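Below is one structure; the comments refer to it alone.
Number of protein chains: 2
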Amino acid sequence: MGRVGNAPVRVGVLGCGNVGAALVELITRDADVIASRTGVRLEVGRVAVRNVAKERAVQLPEGTLTHDAEAVVSDPGIEVVVEVIGGIEPARMLILQALKAGKPVVTANKELLANVGGELFEAAAAAGLDLLYEASVAGGIPLIRPLRESLAGERIRRVMGIVNGTTNYILTRMSEEGASYTEALAEAQSLGYAERDPTADVEGFDAGAKAAILATIAFGRHVVAGDVYREGIAGVTAVDIAFASRLGYVVKLLAVAELVDDRVAVRVHPAMIPSTHPLAAVRDSFNAVFIEGEAVGELMLYGRGAGGMPTASAVLGDLIDAAHNLRAGGAGRSVALSRARVCPIDELSSQYYLSIEVLDQPGVLAAIGTVFADHGVSIRSMEQVGMGEEAQLIFITHTARERDVQTSLHELRHLDVVERVGTVLRVIGPE
Amino acid sequence: MGRVGNAPVRVGVLGCGNVGAALVELITRDADVIASRTGVRLEVGRVAVRNVAKERAVQLPEGTLTHDAEAVVSDPGIEVVVEVIGGIEPARMLILQALKAGKPVVTANKELLANVGGELFEAAAAAGLDLLYEASVAGGIPLIRPLRESLAGERIRRVMGIVNGTTNYILTRMSEEGASYTEALAEAQSLGYAERDPTADVEGFDAGAKAAILATIAFGRHVVAGDVYREGIAGVTAVDIAFASRLGYVVKLLAVAELVDDRVAVRVHPAMIPSTHPLAAVRDSFNAVFIEGEAVGELMLYGRGAGGMPTASAVLGDLIDAAHNLRAGGAGRSVALSRARVCPIDELSSQYYLSIEVLDQPGVLAAIGTVFADHGVSIRSMEQVGMGEEAQLIFITHTARERDVQTSLHELRHLDVVERVGTVLRVIGPE
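One line per chain: the protein sequences are W and C, in this order.
Residue numbering for the first sequence follows the numbering used here, starting at 73 and increasing by one per position.
Residue numbering for the second sequence follows the numbering used here, starting at 73 and increasing by one per position.
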């Protein structure tokens with residue numbers, strides 16, 4: 073980047089948790105290096121925090137910290153605003169105020185973007201200002217900028233991501249150590265990878281918000297969290313994972329966004345992917361997003377999806393970009409998006425892994441087979457795992473429609489010989 | 073991106089081989105989609121080709137094709153120039169003329185950048201114009217933009233890449249099918265992955281040029297192809313690969329650039345990497361670059377490193393960026409770079425895999441062990457492979473200095489009991 077003026081760009085930071093504190097540390101420590109490398113000098117102007125009195129690792133000049141976030145946004149000395157508070161309000165209101173005051177905004181807030189992003193993109197586009205959010209999906213991984221800029225001319229077909237580190241850690245432990253879901257979750261909690269209430273992670277809410285943002289960027293149409301079909305990993309068993317492994321697959325919680333005709337299909341669910349697929353090698357709490365484009369072919373972007381420093385690194389990249397545009401006088405690249413037409417999961421097709429707990433007696437397979445046949449679901453393989461009270465049948469289907477599979481499962485639940493319909497995994501990859 | 077004017081940006085394309093033809097096809101086909109998505113309308117203005125009469129897949133208006141590349145660059149109706157001729161001259165001269173005429177340039181030319189990039193970056197910076205080159209390294213993988221923009225504030229420690237698809241294909245076949253180097257090379261040639269004269273690929277020249285560009289971007293200092301230490305894969309045997317596999321490693325041709333104090337060390341050589349490392353899962357002709365940064369941690373960017381369409385996709389992303397900046401009036405981000413101080417490989421340290429063909433007789437190990445000991449090279453494991461005339465000893469060292477290992481190997485070549493010093497592989501990863 074060329075030099076674009078010597079006066080520092082004063083940054084207002086809203087929130088000083090893990091990410092905010094790491095960002096302030098990076099800016100304070102590396103301002104000289106950044107200036108010499110990029111021509112942009114950053115300076116932490118003011119930082120809005122919940123508790124001004126709290127002890128902090130970074131030393132800031134007297135008066136930098138304030139309890140009043142609105143005062144930071146409206147401070148005429150602040151030129152760019154970074155929002156790392158999280159949640160919808162007051163983040164939404166503060167960002168709108170900043171844009172109204174002519175200040176570009178950098179945010180790491182996935183919940184906000186996945187729910188009310190449309191309003192924010194529109195406000196940024198109307199103001200001709202940058203609203204950048206690289207850190208909102210997959211932490212430190214450069215993802216939004218490559219999708220939006222490097223692939224600006226690309227026809228993207230599908231985006232598949234491992235975008236939740238907690239569930240990937242749990243599934244990795246189950247896969248590599250044969251741990252049960254409960255054991256692996258407890259281990260993740262003891263290491264601080266999972267919250268005491270793990271719902272947002274294990275039920276796929278976190279991944280769902282990220283899927284909405286990814287779909288929005290990939291397809292240029294606004295997708296919200298409510299558009300995302302969602303299943304979590306709590307039902308996945310050690311038996312499922314061992315069985316998948318025997319067939320040459322690993323089980324991952326995937327966020328998948330794809331174009332179906334002119335509609336966008338977005339979902340989060342556990343899936344079986346071939347062990348030779350690049351996503352299969354994404355272990356522990358790492359994240360990765362696999363992109364399929366018409367011209368570019370297959371891409372994967374891999375890295376740390378969370379953590380104060382990796383996320384702050386992504387915020388910093390955006391901040392330098394926004395500051396550069398501010399000084400160089402380039403127009404912001406925000407654009408208002410129309411709402412996506414969503415393709416419901418019912419209409420999609422896939423191969424399926426289905427585990428069904430049954431009575432261990434003759435005739436069971438015939439009864440179940442009849443139900444599948446009635447709905448046009450063709451079975452590729454069946455195997456009994458366990459005996460007596462533990463008996464379950466594991467089916468792999470040929471490619472079938474979701475609606476037909478769900479109707480079949482609904483009927484199976486009413487068969488006398490079926491104790492319970494267990495895990496349903498969609499199988500990614502060629503039949 | 074916001075709308076930045078309706079007049080199309082007229083593009084001059086120099087060269088119409090695989091990449092040029094794919095680019096012209098993408099622009100011609102997708103101009104509307106690109107305009108609606110990015111606000112930038114592209115139009116192929118003129119295309120310089122070697123043979124105007126040649127039959128081409130894309131239909132262009134009469135008079136678009138010309139034999140005269142200089143006429144394209146100097147045409148007042150051409151606003152942006154794409155250089156996909158390859159080689160140093162006349163590409164260098166044409167790019168300098170374009171910049172002088174006030175036209176931003178997009179190039180896919182690794183040879184040019186790795187040899188005379190300094191001059192070109194300087195010219196672009198002086199003119200305040202974009203000189204973009206995403207496609208010059210690793211084809212369709214977004215790499216330069218993430219490094220330069222997303223990681224603008226990041227302290228990068230090391231970049232390691234699989235940046236040559238031909239050699240990765242050969243090593244994958246050797247690894248997965250136990251093929252010999254000669255067999256795998258022949259297979260690559262029959263599939264069109266390798267040239268009839270494979271020197272540029274298998275001896276690491278292609279990877280070396282890319283390593284120089286990667287190092288330049290990662291560390292913000294100009295590194296040229298001549299700075300890169302280089303070894304190819306022709307000496308790697310099926311025995312080496314099988315042995316590595318038994319120890320939990322795979323063999324890859326790596327381009328490595330790292331910061332050593334304030335110097336840049338850049339090298340291309342075959343290396344053993346742990347099979348759990350994300351680069352180990354990069355198979356066939358795919359490319360990937362693994363980046364280690366202080367704040368962001370570990371990143372990997374993976375995809376198609378070559379091919380007309382993937383490379384054209386990267387050129388197109390740059391072209392949209394340059395066109396946007398042109399219309400929006402933002403300053404170019406080119407910056408003149410000072411020459412890097414290079415750290416010679418002699419000063420680096422690594423673990424080593426060494427295969428040494430020996431006479432199968434008592435006392436050999438003592439003689440060899442003495443040489444290593446004399447130079448402070450500590451041996452972690454030794455194993456004899458083969459008997460009689462086929463006997464070789466395979467050593468894995470503890471971390472040792474390159475200079476000490478090379479001095480040892482030099483002396484070993486003069487021992488009566490040593491027939492030949494075979495493969496030398498550096499081992500990546502913690503001891």
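Glycine residues also receive a C-beta, built at the ideal position from the N, C-alpha and C atoms.
Keep in mind that this is a model prediction, so the values were computed, not measured.
Neighbour list for A384 of chain W in chain C, Cβ cutoff strictly below 7 angstroms:
Close partners of A384 of chain W in chain C (Cβ separation under 7 angstroms): A367.
Tell me which residue opens and which closes the alpha helix (DSSP H) that S480 of chain C is part of.
It spans 474-484 - the alpha helix (DSSP H) in which S480 of chain C sits, taken as one unbroken run.
If contact is defined by three or more beta carbon pairs under 8 angstroms, each pair taking one atom from either stretch, is the segment 459-469 of chain W in contact with the segment 385-393 of chain W?
They do not touch, by the three-pair rule.
Determine the burial state of K182 of chain C: buried for a count of at least 16 other Cβ atoms within 10 Å of its Cβ, exposed for fewer.
It counts as buried.
Can you list, in chain order, the residues of its chain whose CB lies under 6 angstroms from that of E248 of chain W, leaving out five sequence neighbours each side?
Answer for E248 of chain W: no residue qualifies.
Where L184 of chain W sits in the DSSP three-state scheme
L184 of chain W: helix per DSSP, three-state reduction.
R411 of chain W classed as buried or exposed, judged by whether at least 16 other C-beta atoms fall within 10 angstroms:
R411 of chain W should be labelled exposed.
Give me the subset of the segment 192-218 of chain W whose CB atoms are less than 7 angstroms from a CB atom of chain C, sorted by chain position.
Correct list: A197, G200, E206, G212, I213, P214, R217, P218.
Any chain W beta carbon closer than 8 angstroms to L388 of chain C:
Yes, L388 of chain C counts as interfacial toward chain W.
Once the 5 residues before and after A170 of chain C are set aside, which same chain residues still bring their CB inside 6 angstroms of it?
The residues are V145, V153, V177.
Excluding five sequence neighbours on each side, which residues of the same chain lie with their C-beta closer than 8 angstroms to the C-beta of L487 of chain W?
Taking C-beta separations shorter than 8 angstroms and ignoring five residues to either side along the sequence, the partners of L487 of chain W in its chain run A439, I440, V443, following chain order.
Relative to the C-alpha of V81 of chain W, which candidate in W:V274, W:K175, W:N123 has its C-alpha closest?
W:K175 is the residue among W:V274, W:K175, W:N123 whose C-alpha sits nearest the C-alpha of V81 of chain W.
So T136 of chain W and A120 of chain W are supposed to be a Cβ contact under 8 angstroms. How far apart are they, rounded?
The pair is not a contact, with the Cβ atoms about 10 angstroms apart (cut-off 8 angstroms).
Is the CB-CB distance between A260 of chain C and G280 of chain C below 8 angstroms?
Contact: no.
Cross-strand partners of Q464 of chain C (DSSP beta bridge):
Bridge partners of Q464 of chain C: C:E429, C:V457.
Strictly under 8 angstroms for the Cβ-Cβ distance: is D393 of chain C near chain W by that measure?
Closer than 8 angstroms: yes.
Nearest-angstrom Cα separation, counted from E370 of chain C out to D102 of chain W:
Across the structure, D102 of chain W and E370 of chain C are spaced so that their CA atoms are roughly 20 angstroms apart.
Evaluate contact between the segment 223-238 of chain W and the segment 233-244 of chain C, counting only Cβ atoms and requiring at least three cross-stretch pairs below 8 angstroms.
The segment 223-238 of chain W vs the segment 233-244 of chain C: no contact.
Using a Cβ-Cβ cutoff of less than 6 angstroms, which residues in the same chain neighbour A199 of chain W once the five nearest sequence positions on both sides are dropped?
Around A199 of chain W: L171.
Please go through the same chain and pick out, in chain order, the residues whose beta-carbon is closer than 8 angstroms to the beta-carbon of V414 of chain W, but skip the five residues on each side of it.
Cβ-Cβ distances below 8 angstroms link V414 of chain W to V295, D299, R335, V336, A337, V338 in the same chain, with the five nearest sequence neighbours on each side left out; the list follows chain order.
Alpha helix (DSSP H) containing N397 of chain W: first to last residue?
In this chain, the alpha helix (DSSP H) harbouring N397 of chain W covers 380-400.
Which residue marks the beginning of the alpha helix (DSSP H) containing T136 of chain C, and which one marks its end?
Careful: T136 of chain C lies outside any alpha helix (DSSP H) and carries neither H nor E.
Out of W:L132, W:V130, W:I150, which one is the CA nearest neighbour of A79 of chain W?
Here the closest residue by C-alpha is W:I150.
Looking at chain W, which residues of the segment 105-116 of chain C have a Cβ within less than 9 angstroms of any of its Cβ atoms?
For the segment 105-116 of chain C, which is checked against every Cβ of chain W, the residues closer than 9 angstroms are V105, I106, S108, R109, T110, G111, V112, L114.
Taking only runs that begin and end inside the segment 200-254 of chain W, name each unbroken beta strand (DSSP E) of 3 or more residues, in chain order.
DSSP runs (the beta strand (DSSP E)) wholly in the segment 200-254 of chain W: 228-234.
Beta strand (DSSP E) containing T495 of chain C: first to last residue?
490-499 is the span of the beta strand (DSSP E), which, as asked, contains T495 of chain C.
Taking just the CA atoms, how far does V322 of chain C sit from A310 of chain W?
Roughly 29 angstroms between the two C-alpha positions.
Measure the C-alpha to C-alpha separation of T471 of chain W and I417 of chain W and round it to an integer number of angstroms.
Taking the straight line from one Cα to the other gives about 14 angstroms.
Cβ of S222 of chain W within 8 angstroms of any chain C Cβ
It does; some Cβ of chain C falls within 8 angstroms.
Neighbouring residues, chain C, relative to A122 of chain W (Cβ below 8 angstroms):
Position check: residue 122 of chain W holds Arg in this sequence, whereas Ala was assumed. The premise fails here: R122 of chain W is roughly 24 angstroms from chain C at the closest Cβ pair, so nothing lies under 8 angstroms.
Using DSSP's beta-bridge definition, name the partner residues of I313 of chain C.
DSSP, once it has assigned bridges, lists no residue as partnering I313 of chain C.
Does the distance from the C-beta atom of L497 of chain C to that of D312 of chain C stay below 8 angstroms?
Yes.
Between M372 of chain W and chain C, is any beta-carbon pair separated by less than 8 angstroms?
Yes, M372 of chain W lies at the interface with chain C (some Cβ there is under 8 angstroms from its Cβ).
Does the beta carbon of M381 of chain C sit closer than 8 angstroms to a beta carbon anywhere in chain W?
Residue contact check for M381 of chain C against chain W: a CB pair falls below 8 angstroms.
Just list the alpha helix (DSSP H) runs in the segment 93-162 of chain C, keeping only unbroken ones of 4 residues or longer that don't cross its boundaries, in chain order.
Fully enclosed alpha helix (DSSP H) runs of 4 or longer: 141-146.
Pairwise C-alpha distance: L114 of chain C and V83 of chain C:
Taking the straight line from one Cα to the other gives about 7 angstroms.
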